[in-house]
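Everything on this sheet refers to the single structure shown next.
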Amino acid sequence: MNAQELLDRYIHEVGRKLPRKLREDVKAELRSLLEETLNERAAQAGRAVDADLAVDVLREFGEPDTVALRYQPAQYLIGPAYFPAFLTILRIVFSVLGALFLAATIYSLIQNANSLNAALSVWVESMMNLVGLALANFGLLVVIFFIIERVDSRQKTESKWNPRDLPAVEDHDKINRAEMVGGLVFLIVLLAAFNFFPNLLSFFFITDGVWGRWPALTETFRQNFVPWLSLLWLAEIALRAIVLARGRWRVPTRLAELGINVLGLAFLYQVIRAANIFTPSFFDSLIKIGLVVVLIIGVIECCVQVYRLITRLISPAALSFHPQKR
Amino acid sequence: MRHMVKNIPVRGVNGLADNLDLELRRGVLVLAVLSQLQDEQYGYSLKKALSDDGLEIDEGTLYPLLRRLETQGLLKSNWRVEDGRPRRYYKLNADGERTYRVLAANWQALVNAMDRVLK
Numbered sequence: 018m019n020a021q022e023l024l025d026r027y028i029h030e031v032g033r034k035l036p037r038k039l040r041e042d043v044k045a046e047l048r049s050l051l052e053e054t055l056n057e058r059a060a061q062a063g064r065a066v067d068a069d070l071a072v073d074v075l076r077e078f079g080e081p082d083t084v085a086l087r088y089q090p091a092q093y094l095i096g097p098a099y100f101p102a103f104l105t106i107l108r109i110v111f112s113v114l115g116a117l118f119l120a121a122t123i124y125s126l127i128q129n130a131n132s133l134n135a136a137l138s139v140w141v142e143s144m145m146n147l148v149g150l151a152l153a154n155f156g157l158l159v160v161i162f163f164i165i166e167r168v169d170s171r172q173k174t175e176s177k178w179n180p181r182d183l184p185a186v187e188d189h190d191k192i193n194r195a196e197m198v199g200g201l202v203f204l205i206v207l208l209a210a211f212n213f214f215p216n217l218l219s220f221f222f223i224t225d226g227v228w229g230r231w232p233a234l235t236e237t238f239r240q241n242f243v244p245w246l247s248l249l250w251l252a253e254i255a256l257r258a259i260v261l262a263r264g265r266w267r268v269p270t271r272l273a274e275l276g277i278n279v280l281g282l283a284f285l286y287q288v289i290r291a292a293n294i295f296t297p298s299f300f301d302s303l304i305k306i307g308l309v310v311v312l313i314i315g316v317i318e319c320c321v322q323v324y325r326l327i328t329r330l331i332s333p334a335a336l337s338f339h340p341q342k343r
Numbered sequence: 061m062r063h064m065v066k067n068i069p070v071r072g073v074n075g076l077a078d079n080l081d082l083e084l085r086r087g088v089l090v091l092a093v094l095s096q097l098q099d100e101q102y103g104y105s106l107k108k109a110l111s112d113d114g115l116e117i118d119e120g121t122l123y124p125l126l127r128r129l130e131t132q133g134l135l136k137s138n139w140r141v142e143d144g145r146p147r148r149y150y151k152l153n154a155d156g157e158r159t160y161r162v163l164a165a166n167w168q169a170l171v172n173a174m175d176r177v178l179k
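The listed protein sequences correspond, in order, to chains A and B.
Okay, so the first sequence: first residue is 18 according to the working numbering, each after it adds one.
Okay, so the second sequence: first residue is 61 according to the working numbering, each after it adds one.
Written out as structure tokens, the structure reads:
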């Protein structure tokens, strides 16, 4: 291989990676410049142009890919202007998918609680579907943002933002007094109704001008579940009273809240699986479906609570150090 | 401030320092190139002109830079045959002249400030 051929190969390689518009012109310019460099170098070294010299010159020039890249402006799939928005939306989409994952898991557990094998196979199948869904969504999002960036030529101008318009910092532990009291009263009413005035919980109707009533709850439900439900409600009432007296949530009360929630979810699960709650069966099935949704939301909320508690406990403020003793 | 500025990346012990150093020179490079293009130059003569003043620039960096500056609308160029060889000559256009003056003035202010900062 002689110097000329090395040059030809190099120029061809750089040309491959160049945009079509520039290609021929840049290649011609490179050829002229490289040849001149080579000749000057040879003259300086006092020898003829040969392959080794060409290798040195080309090495110094740089790798074809790198050099070709320098002829173009920085290229992004999704540039800095839109990447933050992309990430935000990606997070939202993937949280929804995460919720679906949770729902699918709970569903397969409930439907196939008898056989672990069946539950597992249902779960695996829904997982595979979910993975496909996740990938498709990701790709779609990338394509959308790819297009948006290139179509929207409007540069993001620094508009006059107002520091006063910033949202207030959330204090999760502050309580809304009115809301708390309202919730408390409601719970007391529920407790009383279910325990002392079960007759009120019925469907009232008129036949032949006479008021009749049809008890809403089944006897089994009343006997087996209402006591436990009442206990849960009692605990919740006590907790709320304490928090109301204190004025805000603290770690112990948060933990108690978490405990009651978990127990409540377990109870809900049992109810869904076991009994008929309401006497009309179609109504019952309808309610059961609603309860499953409530259960799923409840589990998600529990996870969020746990996450919040953990981050609170390991935050730098919690791991407080004592000030230096003089 | 006339010392050798080699642009061949050195894979030294401290890679981070090399990267930061490269970042530092990248900004200087454009101003250096613009300063020489008040007269017509082609790639190789530009490299020599800068080298004579003590600024060594990688050819693989310099030539693409000339193209980019032209694309950005600061230079005008044309092909000419000199010494039996086709060459692409570059020169500052009106926008380029204006930009160069602004950058050169800013540079001086920057250098003065940096001298004080680094004291």
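Yeah, the Cβ is synthetic: ideal placement off N, Cα and C, and Gly gets one too.
### Message
Please state whether the Cβ-Cβ distance between B/Y150 and B/Y102 is less than 8 Å.
### Response
With respect to B/Y102, B/Y150 sits close: the two C-beta atoms are nearer than 8 Å.
### Query
What's the gap between the Cα of A/E187 and the Cα of A/E142?
40 Å
### Task
Tell me, please, which residues DSSP counts as bridged to B/L152.
Looking at the DSSP output, B/L152 shares a beta bridge with B/L135.
#### Entry: Proximal residues to B/G156 (C-beta, below 6 Å), its chain only, five neighbours per side dropped
L134, L135
### Query
Which stretch, first to last residue, makes up the alpha helix (DSSP H) that contains A/E57?
Here the alpha helix (DSSP H) through A/E57 covers 37-62.
### Query
Grouping DSSP H, G and I as helix and E and B as strand, with all else coil, what is A/P244?
helix
### Query
So with Cβ pairs under 8 Å, would you call B/L129 a contact of chain A?
no
### Cα-Cα separation between B/L106 and A/P184, rounded to whole angstroms
56 Å
### Task
Only counting runs of 4 or more residues, tell me where the alpha helix (DSSP H) segments fall wholly within the stretch 121-195 of chain A, in order along the chain.
133-168
### Task
State the Cα-Cα distance for the pair B/V93 and B/R127, rounded to the nearest angstrom.
12 Å
### Message
Less than 8 Å between the C-beta atoms of A/L312 and A/L280, yes or no?
### Response
no
#### Entry: Minimum C-alpha distance to A/F213 - residue among A/P244, A/R167, A/L126
Out of A/P244, A/R167, A/L126, the CA that lies nearest to the CA of A/F213 is found in A/P244.
### Task
Using a threshold of 8 Å, state whether the C-beta atoms of A/A68 and A/L23 are closer than that.
yes
### Query
Grouping DSSP H, G and I as helix and E and B as strand, with all else coil, what is B/V141?
strand
### Message
Pop quiz: A/F211 and A/L246 are said to be a contact at Cβ under 8 Å. What is the actual Cβ separation, rounded to whole angstroms?
### Response
Rounded, the Cβ-Cβ distance is 7 Å, consistent with contact.
### Query
Along chain A, in chain order, which residues have C-beta atoms closer than 7 Å to that of B/E142?
Those within 7 Å of B/E142 in chain A number zero; the least Cβ separation is about 10 Å.
### C-alpha gap between B/N172 and B/R158, whole angstroms
22 Å
#### Entry: Cβ-based neighbour list, A/L201, same chain, cut-off 8 Å, excluding 5 preceding and 5 following
Sequence-distant partners of A/L201 (beyond 5 residues in either direction) whose C-beta falls short of 8 Å from its own C-beta, in its chain, are I254, R257, A258, L261.
#### Entry: Helix, strand or coil at B/Q98 [DSSP, three-state]
coil
### Task
Would you list, in sequence order, the uninterrupted alpha helix (DSSP H) runs of no fewer than 4 residues that lie entirely inside the stretch 263-315 of chain A?
268-290
### Task
Check A/P101 in the structure and name its three-state DSSP category.
A/P101: helix per DSSP, three-state reduction.
### Query
Roughly how many angstroms separate the alpha carbons of A/T122 and A/I304, rounded to a whole number?
20 Å
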